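A.B. asks: Sending over a structure as structure tokens; questions will come in a sec.
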Amino acid sequence: MIREPAETTISEAGTVEIPLGVLAEAGLSPGTAVVVYSDGDGRIVVRRQEDAIRDLLESGSL
554 MIREPAETTI
564 SEAGTVEIPL
574 GVLAEAGLSP
584 GTAVVVYSDG
594 DGRIVVRRQE
604 DAIRDLLESG
614 SL
């Protein structure tokens with residue numbers, strides 16, 4: 554797999570734009586519902602909504 558590192562900046566409004574190449578590598582396309590949360594160790598997690606909900610129902614955590 555080819556990894557495409559990208560640098561971005563948090564805007565004054567608190568938003569971040571993720572480059573399409575990074576999303577494509579993750580199998581995400583525009584319009585895909587995602588869940589975003591902090592993993593508590595400085596990492597931000599972006600997951601497909603359906604995957605996150607399935608894990609939450611099966612294991613009780615994200």
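Heads up: take any position in the sequence shown, counting from 1, add 553, and you land on the numbering used here. Just so you know, even glycine gets a beta-carbon here, dropped at the ideal spot from N, CA and C. Here the structure is a predicted model, which means the values were calculated and not measured.
(1) Using beta-carbon positions only, say whether Arg601 and Glu578 come within less than 9 Å of one another.
(2) On the DSSP bridge assignment, give the partners of Val599 in chain order.
(3) Where Ile682 and Ser591 are concerned, what is the direct C-alpha to C-alpha distance, given to the nearest angstrom?
(4) The alpha helix (DSSP H) spanning Leu573 covers which residue range?
(5) How about Val598 and Leu615: do their beta carbons lie closer than 9 Å?
C.D. replies: Reading off the structure:
(1) no
(2) Val589
(3) With the chain covering 554 to 615 only, the question about residue 682 has no answer from this structure.
(4) Leu573 to Glu578
(5) yes
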